[in-house]
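In this note's numbering, the protein residues as written are 77 to 811. For each residue, glycine too, the CB sits at the ideal point set by N, CA and C. Structure, as structure tokens:
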């Protein structure tokens, strides 16, 4: 396959030149293709590159039909490749008209406009691809699946949520299929679930008539018309002559918004792998609003702070359940692991109108087939089921042969390693809506002990989302008492993403009053913050309020410049009217809390909880949470508790993914009491921890030892082991 990749890389560039030469972008068919594909592929990806990828897949279909259906190879002769292709299309139309029931004319200009010699280059590259696939020794009805994954770059597929289901998993999941059931895959893609069920039927000991009857109860929907064509081709490659007896049960529709004709269809089993992307990825404001309204009507819409993380797959699950599934019917989907642990899926986990909910999870080698942690979720439909299922059985699968390499197309046998009940670590009701927390093993919940919201939960707040950083995080150079020369801070480009990776200014001059000291989580270790940032902010130093009219000349000029850049580059769906609106989103910047000179801060994400006491005029960023305490003793008391390894252990049980935010305060952290001897001890330990870490950092700095954060944290863990143990003993008793 590596040889083909190198060959294709070279030929792909040639195709782009060739297609430009024939002005294919100007054809009505190309424009039609672009309009259709922009509905489900992000607009930035719907270009000539993607058109070339799909044109090759389209023409590959006819090669496969000829090879495995008519026992004929096309494309070997460069002289009459067009003629061969036209002939095959006519034979398909005559013998298997349902196979090309939809008029996919997107790629007709390639065949009609290119000269015979130029068009034959397509046949040559497809033959090379076929040779490469055949060396893999996979079934003919998986050739297109293989080609899709090798031709279309993974970043394009994954950006639009396309994660193909490996045959070994579809084979295992269709064990729940019972012969004769009416089945739907609402996002069928290349048809792997349809193929797996059809294989079960044709391999059964029944008459041809019965097999055809049962296969005609299998349906597939997909928003991508080419996916429907590919699924038909794959079924043909599996069934050959039986295909001519089938109904046309594959339809190009959007399962999230089907018309009345399709809503009337009801199914015994719905099975599939819906697209894995989030509302954040949707570029159309109209589509975003549709998704929000649909999520609310399905009773799974998350709270406002999590709305952009809404998983579109969860909408497919509940929409299919609501409009396509019979009462008592079964639904079985491949979903991201986020639906059992993500805060954005807390209402999804209510499992309303469902019963017999089960989860399949998998060992690490199997997880790697998706590059995203996944589960399979099974349930039965039960209408008006007001008592949601609080305990869910989790079946954990591993490899029967642990020495076997996991490969997408390899015949892998799964074995049940363990089964355990999962329960939410907590659930809450707000504004009449139930929110079910992360599902954890029932035995693990015992380790959490008493769960009770802390007095401090409402007092800690997230910092300001100071983005985009390339416009405001700066290095400063002193000019005089009034002005700094500023340039972008190199540190913020390490993890920057397009379109915010570029340096947008150079050697600008601004008033010193508008450069603020800012703290980020990247410089936070246990008990100590070892560095800071300088940030340009167009706000008053005294009030932290924005008043454009009162900005001094140079600050106003610079703000105008970066504001213009921001407005030009921001997403069309971002509902902010200026850079300042974005910096002060949710009023996280311009508020009294940020003005406080004494704050307790901790990180909002990560696997290790870290906290420190912050003294001075600092702005706190959104990757930290903070509390503006009026008592230094209270601040150190909280720092000690939040740095406790025991608290980290409990937070890891409760948190979803990397998210921490207010999770520590699901535990009963007591209000600081100056008279409580244990609180006094914790305050003392908090001070001592800060002193030890500061001394360690200053020592290494004086020795000119450049410690990375990771190495510093390792040394802190070693040197503060006894202190953290003392903190743990008190925290263990109080929690």
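Tell me which residue opens and which closes the alpha helix (DSSP H) that residue i is part of.
| i | result |
| --- | --- |
| residue 450 | Here residue 450 belongs to no alpha helix (DSSP H); instead the beta strand (DSSP E) covers 450–457. |
| residue 109 | 104–113 |
| residue 265 | No alpha helix (DSSP H) contains residue 265, which DSSP labels as neither H nor E. |
| residue 434 | Element bounds for residue 434: not the alpha helix (DSSP H) but the beta strand (DSSP E), 430–438. |
| residue 246 | 243–249 |
| residue 810 | 797–810 |
| residue 207 | 192–210 |
| residue 125 | 124–145 |
| residue 725 | 721–730 |
| residue 639 | 629–645 |
Thinking residue i and residue j are a contact (beta carbons under 8 angstroms), I'd like their distance in whole angstroms, please.
| i | j | result |
| --- | --- | --- |
| residue 721 | residue 804 | 6 angstroms |
| residue 676 | residue 702 | 6 angstroms |
| residue 602 | residue 583 | The pair is not a contact, with the Cβ atoms about 39 angstroms apart (cut-off 8 angstroms). |
| residue 437 | residue 451 | 5 angstroms |
| residue 719 | residue 759 | Not a contact, Cβ separation roughly 13 angstroms. |
| residue 383 | residue 368 | 7 angstroms |
| residue 741 | residue 529 | 6 angstroms |
| residue 716 | residue 762 | 4 angstroms |
| residue 454 | residue 467 | With 8 angstroms as the limit, residue 454 and residue 467 do not qualify as a contact, their Cβ atoms being about 15 angstroms apart. |
| residue 663 | residue 359 | Wrong, their Cβ atoms sit about 27 angstroms apart, outside the cutoff. |
| residue 389 | residue 352 | 6 angstroms |
| residue 637 | residue 581 | 7 angstroms |
On a Cα-Cα basis, can you pick out the residue from the options that is closest to residue i?
| i | options | result |
| --- | --- | --- |
| residue 668 | 485, 471, 407 and 540 | 540 |
| residue 565 | 640, 559, 546 and 664 | 546 |
| residue 263 | 340, 400, 428 and 188 | 400 |
| residue 323 | 342, 315 and 291 | 291 |
| residue 497 | 432, 507, 556 and 790 | 432 |
| residue 444 | 648, 148 and 239 | 239 |
| residue 812 | 317, 338, 679 and 337 | A query on residue 812 cannot be resolved here, the shown segment of the chain reaching from 77 to 811 and no further. |
| residue 732 | 428, 698, 487 and 417 | 417 |
| residue 751 | 780, 713, 768 and 221 | 713 |
| residue 737 | 380, 537, 670 and 644 | 537 |
| residue 549 | 695, 144 and 685 | 695 |
Assuming residue i is part of the beta strand (DSSP E), what are its boundary residues?
| i | result |
| --- | --- |
| residue 298 | 294–298 |
| residue 559 | 559–564 |
| residue 256 | Here residue 256 belongs to no beta strand (DSSP E), and DSSP marks it neither H nor E. |
| residue 494 | 490–500 |
| residue 517 | 515–517 |
| residue 346 | 343–348 |
| residue 473 | 468–475 |
| residue 405 | 401–412 |
| residue 612 | 609–612 |
| residue 51 | In the structure displayed, the chain extends from 77 to 811; residue 51 sits before or after that span and is not available. |
Taking 7 angstroms as the cut-off, is the C-beta of residue i nearer than that to any heavy atom in the ligand FMN?
| i | result |
| --- | --- |
| residue 175 | The ligand FMN is not part of the structure shown, which contains no ligands of any sort. |
Can you give me the C-alpha to C-alpha distance between residue i and residue j, rounded to a whole angstrom?
| i | j | result |
| --- | --- | --- |
| residue 734 | residue 511 | 19 angstroms |
| residue 244 | residue 777 | 55 angstroms |
| residue 288 | residue 295 | 13 angstroms |
| residue 293 | residue 286 | 11 angstroms |
| residue 261 | residue 164 | 30 angstroms |
| residue 357 | residue 774 | 44 angstroms |
| residue 508 | residue 501 | 20 angstroms |
| residue 362 | residue 640 | 25 angstroms |
| residue 613 | residue 631 | 9 angstroms |
| residue 137 | residue 271 | 16 angstroms |
| residue 205 | residue 157 | 16 angstroms |
| residue 95 | residue 665 | 51 angstroms |
| residue 320 | residue 142 | 16 angstroms |
| residue 755 | residue 765 | 15 angstroms |
| residue 131 | residue 187 | 10 angstroms |
| residue 298 | residue 327 | 7 angstroms |
| residue 340 | residue 330 | 15 angstroms |
| residue 87 | residue 121 | 20 angstroms |
| residue 182 | residue 84 | 22 angstroms |
| residue 427 | residue 465 | 7 angstroms |
With a cut-off of 8 angstroms, does the C-beta of residue i fall near any C-beta of chain D?
| i | result |
| --- | --- |
| residue 370 | The structure shown has no chain D; it contains just one protein chain. |
Inset, instruction - Please confirm if the region 272–284 is in contact with the region 244–264, defined as three or more CB-CB distances below 8 angstroms between the two stretches. - result: The region 272–284, when compared against the region 244–264, does touch it at the 8 angstroms Cβ threshold.
Legend entry - Three-pair Cβ contact test at 8 angstroms for the region 507–526 versus the region 566–585: Because the criterion of three Cβ pairs below 8 angstroms is not met, the region 507–526 and the region 566–585 do not touch.
Inset, instruction - Determine contact between the region 392–411 and the region 342–355, defined as no fewer than three beta-carbon pairs at a distance below 8 angstroms. - result: Cβ pair count under 8 angstroms is three or more, so yes.
Legend entry - Touching by the beta-carbon criterion (3+ pairs, under 8 angstroms), the region 192–210 and the region 104–118: The region 192–210, when compared against the region 104–118, does not touch it at the 8 angstroms Cβ threshold.
Legend entry - Any 3 or more C-beta pairs closer than 8 angstroms across the region 261–271 and the region 291–311: Enough Cβ pairs lie closer than 8 angstroms, so yes.
Legend entry - Sufficient close CB pairs (3 or more, under 8 angstroms) joining the region 605–620 to the region 790–809: Result no; under three Cβ-Cβ pairs closer than 8 angstroms.
Inset, instruction - Check whether the region 622–638 touches the region 323–339, taking contact to mean three or more Cβ pairs, one atom from each stretch, closer than 8 angstroms. - result: With contact defined as three or more Cβ pairs closer than 8 angstroms, the region 622–638 and the region 323–339 are not in contact.
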